[in-house]
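What follows is a short report on a single structure.
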Amino acid sequence: MERPLTQHIHPGRPPFSIREYEMEGGYAAVRRALAGISPENVQQVVKDSGLKGRGGAGFNTGMKWSFVPMGAGAPRTKYLIANADEMEPGTFKDRMLIEGNPHQLIEGMILAAYAIQANISYVFLRWAYRYAAQLLQKSIQEAYGAGYLGVNILGSGYNLDMRLHTGVGRYMCGEETALLNALEGKRATPRAKPPFPQVSGLFGKPTIVNNVETLSCIPHIVNNGAAWFKSLSQSEDDGGTKIYGVSGKVRSPGAWELPMGVPMRELIEEYAGGMKDGLGLKGVLPGGASTDFLTSEHLDIKMDFRSVSAAGSRLGTGTMIVLDDATCPVGFVHNLQHFFAQESCGWCTPCREGLPWVEKVLLSIEKGNGTEEDLQLLEMHTQMLGPGNTFCALAPGAMEPLQSALKYFRADFDDHIKEKKCPYSHADHLYR
Amino acid sequence: METEKNDSMLTAAEIAAIDHEIDLLPYKKAAVIEALKVIQQHRGWVSDESIAAVADYLEMGAAEVDSVATFYNLIFRKPVGRHVILLCDSISCYVMGYGRLFAALRQKLSIGFGETTTDQRFTLLPNACLGCCDHAPSLMIDETLYKDVTVEVLDELLSNYQ
Numbered sequence: 001m002e003r004p005l006t007q008h009i010h011p012g013r014p015p016f017s018i019r020e021y022e023m024e025g026g027y028a029a030v031r032r033a034l035a036g037i038s039p040e041n042v043q044q045v046v047k048d049s050g051l052k053g054r055g056g057a058g059f060n061t062g063m064k065w066s067f068v069p070m071g072a073g074a075p076r077t078k079y080l081i082a083n084a085d086e087m088e089p090g091t092f093k094d095r096m097l098i099e100g101n102p103h104q105l106i107e108g109m110i111l112a113a114y115a116i117q118a119n120i121s122y123v124f125l126r127w128a129y130r131y132a133a134q135l136l137q138k139s140i141q142e143a144y145g146a147g148y149l150g151v152n153i154l155g156s157g158y159n160l161d162m163r164l165h166t167g168v169g170r171y172m173c174g175e176e177t178a179l180l181n182a183l184e185g186k187r188a189t190p191r192a193k194p195p196f197p198q199v200s201g202l203f204g205k206p207t208i209v210n211n212v213e214t215l216s217c218i219p220h221i222v223n224n225g226a227a228w229f230k231s232l233s234q235s236e237d238d239g240g241t242k243i244y245g246v247s248g249k250v251r252s253p254g255a256w257e258l259p260m261g262v263p264m265r266e267l268i269e270e271y272a273g274g275m276k277d278g279l280g281l282k283g284v285l286p287g288g289a290s291t292d293f294l295t296s297e298h299l300d301i302k303m304d305f306r307s308v309s310a311a312g313s314r315l316g317t318g319t320m321i322v323l324d325d326a327t328c329p330v331g332f333v334h335n336l337q338h339f340f341a342q343e344s345c346g347w348c349t350p351c352r353e354g355l356p357w358v359e360k361v362l363l364s365i366e367k368g369n370g371t372e373e374d375l376q377l378l379e380m381h382t383q384m385l386g387p388g389n390t391f392c393a394l395a396p397g398a399m400e401p402l403q404s405a406l407k408y409f410r411a412d413f414d415d416h417i418k419e420k421k422c423p424y425s426h427a428d429h430l431y432r
Numbered sequence: 433m434e435t436e437k438n439d440s441m442l443t444a445a446e447i448a449a450i451d452h453e454i455d456l457l458p459y460k461k462a463a464v465i466e467a468l469k470v471i472q473q474h475r476g477w478v479s480d481e482s483i484a485a486v487a488d489y490l491e492m493g494a495a496e497v498d499s500v501a502t503f504y505n506l507i508f509r510k511p512v513g514r515h516v517i518l519l520c521d522s523i524s525c526y527v528m529g530y531g532r533l534f535a536a537l538r539q540k541l542s543i544g545f546g547e548t549t550t551d552q553r554f555t556l557l558p559n560a561c562l563g564c565c566d567h568a569p570s571l572m573i574d575e576t577l578y579k580d581v582t583v584e585v586l587d588e589l590l591s592n593y594q
């Protein structure tokens, strides 16, 4: 099984220096592209590869790039940004890719920037990733030193600068347009679309924002072609491998690079080693905190964008969180809603006011003070904060685990209300 | 003569660091987050006087600078202790026992979230997912990440930070 993204990542060993990376074929894709592949052809091979955005939205990457104005009439300044603001609860794949092989990300960024003819690139990295920040700082310097960044790269006439920006917190910064506001020194609130960032993004210039995992795929696609990338996948319509993760009370939590479309059962039972002794699987958030629960009846679905959607959830980031049968689902969902309420940027009213209300109602149920009407109130919020009613995807994302918890774990909600207490015995379930 | 520390003046070192950021940007105001980071790095936190100083330097209103400063949870608008503990309270850590860690820290340090010990040694803050969910529960002290943290190791961990 080929694992292009993680082939040089070995836990316990520091990542490659630029010399080691080059000796294993690193920066060959940049050399090839700059020596004779047109930007349009780089866009085309990425489009043909079926690579979809690994940040969670799953939009075809080459297609996204194709909306950037090109040619003599295009603005002189364009930006390429790596979204390394990984903060979706339960998600830890981009950290692995950056800490494991920072040059792979940098090479992918150079190729993506070349494809859209951007001349300035940023890594937007969350503050908490301190080790990743050190590595990136050092690796970007190495790439300048080797002539892969700067003026007239490898004699091609193409210029590109790269800068590391470390954030100062807030989940909202991961939202593409809020990220742009943060980079401009503003509050990280989302922007109205259109105009899309591809046309008017950072400082009003054409901008592409791609996830770390997405960008890390690019050198391999340029080196090996679209057909090869597609062949890595077990999925009908998505190309490549995927970094999948499992956390929660499984025997061996972790992250693994596997063919796109691997069945959920294989991930949980084989790679994560199954549930810890004495525990059963009650539910799974397949792709981070803002995806709908699936249950044990869905274990055989393929983990690709279409299959997970067909089962009523989203692939999201592909890093799943397992809910075991000894953890209270109401407490679990309350924890998620606490996160979303806290991280709401406050820009639009339904999200700013609705999420704290949901959080309070859930806490009241968890503490044994809930009523039948509270459940109706929660149901109402899943509609009112759903798609189309808010400015960005934060609140609709928050409603996904709530609406599916009300569907699959209704008996647990009812028991809390009937018994006037949380029926689960674990000591630490009450929040704060 | 004793030099009085004056928060409303930027130091030469602070100005140099802020200017370095301004040089990379199309206009001054865009450097405000970087400027706040510079201030916090030098002063530990961002006071009202510091907000005013940044506002003057970047030719912005103080309220506008404050609206940015208060948006971001890692810009501290109150003094913090010598060491800051960021305890992950997101879902994987919640499932794996964040609650026990919080209870133990609260008891050992006699502070809750958002508070600082009376000896100014520690400030305890909750933090959203630290991105090491396969080694939950986790926390950071200053710039160091600790994984698979148990109540049993907390005393030793804290003793490294005086």
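Protein sequence lines, in the order shown, are assigned to chains V and C. The working numbering numbers the first residue of the first sequence as 1 and each following residue consecutively. The working numbering numbers the first residue of the second sequence as 433 and each following residue consecutively. Even glycine gets a Cβ: it sits at the ideal position worked out from N, Cα and C.
Chain V residues whose Cβ lies nearer than 8 Å to that of Leu456/C = Arg163
ask   = Hey, does Ile483/C have any beta-carbon neighbour from chain V nearer than 8 Å?
value = no
query = Can a CB atom of chain V be found closer than 8 Å to the CB of Ile573/C?
reply = no
task = Identify each residue in the segment 549-562 of chain C for which the Cβ-Cβ distance to at least one residue of chain V is less than 8 Å, and report them in chain order.
result = Asn559, Ala560, Cys561 and Leu562
ask   = With 16 as the cutoff for other CB atoms within 10 Å, does His8/V come out buried or exposed?
value = buried
key: Residue of Pro253/V, Met260/V, Met162/V and Tyr408/V minimising C-alpha distance to Glu269/V   = Nearest option by C-alpha distance: Pro253/V.
Closest by C-alpha distance to Ala534/C, when choosing among Gln473/C, Leu586/C and Ala501/C = According to the sequence provided, residue 534/C is Phe. The question's Ala does not apply to it. With distances taken between Cα atoms, Phe534/C lies closest to Leu586/C.
inquiry  = Given a cut-off of 8 Å on the beta-carbon distance, is the pair Trp127/V and Gly169/V in contact?
reply    = yes
task = Quick one: list the residues of chain V neighbouring Ile507/C, beta-carbon separation under 7 Å, in chain order.
result = Val168
message = If you reduce the DSSP assignment to three classes, tell me which class Gly531/C lands in.
response = Of the three classes helix, strand and coil, the one that applies to Gly531/C here is helix, per DSSP.
request  = For Val151/V, count neighbouring Cβ atoms within 10 angstroms of its own Cβ and tell me buried if that reaches 16, exposed if not.
outcome  = Flag for Val151/V reads exposed.
message = Considering just the uninterrupted stretch of the beta strand (DSSP E) at Cys520/C, what are its terminal residues?
response = His515 to Cys520
query = Can you round the beta-carbon distance between Ile221/V and Val358/V to whole angstroms, since I take them to be within the 8 Å contact cut?
reply = About 41 Å separates the two Cβ atoms, so there is no contact after all.
request  = Identify which residue in Ser200/V, Cys348/V and Ala132/V has its Cα closest to the Cα of Phe391/V.
outcome  = Cys348/V
inquiry  = Counting only Cβ-Cβ distances shorter than 8 Å, please list the residues of the segment 87-99 of chain V near chain C, keeping chain order.
reply    = Met87, Glu88, Pro89, Gly90, Thr91, Phe92, Asp94 and Arg95
task = Leaving out five residues on either side along the sequence, give the residues of the same chain with a beta carbon under 6 Å from the beta carbon of Asp439/C.
result = Ser479, Glu481 and Ser482
request  = Could you please tell me which residues of the segment 438-462 of chain C, in chain order, have their CB closer than 7 Å to any CB of chain V?
outcome  = Leu456, Pro458, Lys461 and Ala462
query = Smallest Cα separation from Tyr244/V: which of Gly55/V, Arg13/V and Leu80/V?
reply = Ranking Gly55/V, Arg13/V and Leu80/V by Cα distance to Tyr244/V puts Gly55/V first.
request  = Output the residue ranges of the alpha helix (DSSP H) runs that lie fully inside the segment 29-107 of chain V and measure 4 residues or longer, sorted by chain position.
outcome  = 39-48, 61-65 and 93-100
task = Flag Thr295/V as yes if its beta-carbon sits less than 8 Å from any beta-carbon of chain C, otherwise no.
result = no
ask   = Can you tell me where the beta strand (DSSP E) with Val361/V in it begins and where it stops?
value = Premise fails: Val361/V lies in the alpha helix (DSSP H), Thr349 to Glu366, not in any beta strand (DSSP E).
inquiry  = Along the segment 122-154 of chain V, where does the CB come closer than 8 Å to a CB of chain C? Name the residues.
reply    = Arg126, Trp127, Ala128, Tyr129, Arg130 and Tyr131
task = Could you tell me the distance, in whole angstroms, from the CA atom of Ala28/V to the CA atom of Gln141/V?
result = 18 Å
inquiry  = So, at 6 Å on beta carbons, what are the nonlocal neighbours of Glu466/C in its own chain, with the 5 sequence-adjacent residues on each side left out?
reply    = For Glu466/C, where only same-chain residues beyond five positions count, the Cβ hits under 6 Å are Glu453.
key: CB contact flag (Ile321/V, Gly36/V, <8 Å)   = Pairing Ile321/V with Gly36/V gives a Cβ-Cβ distance that is not under 8 Å.
ask   = Looking only at its own chain, which residues have a Cβ that is under 7 Å from the Cβ of Val279/V, when we skip the five neighbours before and after it?
value = The amino acid at residue 279/V is misidentified as Val; the sequence shows Leu. For Leu279/V, where only same-chain residues beyond five positions count, the Cβ hits under 7 Å are Lys249, Asp324, Asp325 and Ala326.
task = Could you pull the start and end residues of the beta strand (DSSP E) that Asp580/C belongs to?
result = It is not in any beta strand (DSSP E) - Asp580/C carries neither H nor E in the DSSP assignment.
task = Could you list the residues in the segment 337-364 of chain V with a C-beta less than 7 Å from some C-beta on chain C, going in chain order?
result = Phe339 and Glu343
task = Have a look at the DSSP bridge pairing and note the partners of Val250/V.
result = Bridge partners of Val250/V: Met275/V.
query = Who pairs with Lys186/V in a beta bridge, going by DSSP?
reply = Per DSSP, none; premise fails for Lys186/V.
ask   = Under 8 Å, do Thr6/V and Glu257/V count as touching if we go by C-beta distance?
value = yes
request  = Tell me whether the beta-carbon of Asp566/C lies closer than 8 Å to the beta-carbon of Ser247/V.
outcome  = yes
task = Look at Gly239/V and Ser49/V and say whether their C-beta atoms are less than 8 Å apart.
result = yes
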